[in-house]
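Novice: Could you have a look at this structure, given as structure tokens, before my questions?
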Amino acid sequence: MPQMGGFELVQIQASPARVSRARSSLRTAASVDREVPVYHTSNDNVPFVPVGTIFLSFKPKQSDAVRQRVLDKHRLELVAAERNGFLTVRVTTPGTDAVEVAAKLQREKSVAVAEPDLVTTRRLQNFTRP
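Last residue of the sequence shown: 130 in the numbering used here, with the numbers rising by one and none dropped.
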């Protein structure tokens, strides 16, 4: 089986309902530490795997209580806090998709940035630092 970033990639060719059942079954297997989806952003079939962490920042002047409510609501664990106010948080519920959680966080009024950490096989080409 192909591997990427410590993950073994398993391709499931089935209807969405059967894929959902297969993923649930994988989560219960003793040999499976963690099950996450694989994303492809274009027709080039380059895989992106969410590793479970999210880079998060809040809008200015958000209280600690508001920040904590957001973390609790989305069942996130603080991994690291940076001086610039950015946080690295981790999803804590098995089977939770960090990409979906990041999308939900982006809809929170108090959140400025929420981006999932992704592993991929491709290197950046023609990347110019802003």
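Ideal Cβ positions, reconstructed from N, Cα and C, are used throughout, including at glycine.
1) Please name the residue or residues paired with I54 in a DSSP beta bridge.
2) Is the region 62–76 touching the region 11–30 in the sense that three or more CB pairs, one from each, lie closer than 8 Å?
3) Look up P47 in the DSSP assignment and give the residues it is bridged to.
4) Can you list, in chain order, the residues of its chain whose CB lies under 6 Å from that of V113, leaving out five sequence neighbours each side?
5) Cα-Cα, which of H74, G95, V46 and I12 is closest to R107?
6) On the criterion of 16 or more Cβ atoms from any shown chain inside 10 Å, does I54 qualify as buried, or is it exposed?
7) D97 and P37 - do their beta-carbons sit closer together than 8 Å?
8) Under 8 Å Cβ to Cβ from F86, same chain only, skipping five residues before and after it: list those, please.
Specialist: Well, looking at it:
1) Answer is V89 and P116, bridged to I54.
2) No, the region 11–30 is not in contact with the region 62–76.
3) Residue pairing of P47 in beta bridges, as defined by DSSP: H40.
4) Taking C-beta separations shorter than 6 Å and ignoring five residues to either side along the sequence, the partners of V113 in its chain run S57, following chain order.
5) Selected option, being the one with the closest Cα: H74.
6) Result: buried.
7) Against a cut-off of 8 Å, the Cβ pair of D97 and P37 comes out as a contact.
8) These residues qualify, in order along the chain: F55, L56, S57 and V113.
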